[in-house]
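Step one of this worksheet: look at the structure below.
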C-alpha cells in the first residue's frame, strides 16, 4: 500500500509555533493574540488563550489550502447555533479532504484517504465511492460508510408479539 502526505496535515512551521506557545511569556501571548485576532485578549486565562491561538494558527494555514473549507464550517456552525439543534447528516456526506480512514479487516489494516475532489484514494488509485473500495477489500458488496465505521447499520425492529395484550 502506498501512503501519501495529506495536503491538510498541519505544516511543521505551524506545529512548531503551537508547541512553543507554553514557552512564551504572557506578554508575548497577549501580543500574538492581538496580531492574530486584531483585538485585546478577552481573558487572562492562559490555557484558553493558548488553545484559541493554536486553533487560529491552524485555521489560517488551512485557509491557504482550501479557502472554502473554513467558510463552510463556519456556516454550518452558525446554522446549528441559529436553529438550536443539530440537523442529521445529509445522506450524501463528504469527508474533509485529507481525512484518512483506517479499517482492520481479517488481520490486515487498510487505509483510505479522502481527496479534495470529494473522492477517495486507496493504494494509490482514485475511487468515487467507499463502497467500491469496501468491495475490493472484502470481495463482497458492502456499504462503504458502514464498512469504515462512518455509519452504523440500521437495527432491525423486533416484531411485535402477536396475541392478546395483558
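Residue numbers (the numbering used here): 997 to 1162.
By construction, the Cβ of each residue, glycine as well, lies at the ideal position given by its N, Cα and C atoms.
- In the DSSP assignment, residue 1110 falls within the beta strand (DSSP E) that extends over 1104-1110.
- Inside the region 1044-1093, DSSP marks whole alpha helix (DSSP H) runs of 4 or more residues at positions 1063-1079, from first to last along the chain.
- Counting only residues of its own chain and dropping the five nearest sequence neighbours on each side, residue 1138 has a CB closer than 8 angstroms to the CB of 1127, 1130 and 1131.
- Relative to the Cα of residue 1013, the nearest Cα in the group 1039, 1042, 1045 and 1050 belongs to 1050.
- Remark: three or more beta-carbon pairs, one from each stretch, lie closer than 8 angstroms, so the region 1048-1065 and the region 1017-1033 are flagged as touching.
- From the listed residues 1031, 1136, 1135 and 1140, the smallest Cα separation to residue 1124 is found for 1140.
- DSSP, reduced to helix, strand and coil, places residue 1124 outside both helices and strands of the structure shown, so it counts as coil.
- Under DSSP, residue 1097 takes part in a beta bridge, and its partners are 1108.
- Shown here, residue 1132 sits in a helix according to DSSP, grouped into three states.
- Excluding residues up to 5 positions away in sequence, 1115 lie with their Cβ nearer than 6 angstroms to the Cβ of residue 1122 in the same chain.
- Here the C-alpha atom of residue 1103 lies approximately 48 angstroms from the C-alpha atom of residue 1029.
- Residue 1010 and residue 1135 have their C-alpha atoms some 42 angstroms from each other.
- Residue pairing of residue 1113 in beta bridges, as defined by DSSP: absent, with no partner found.
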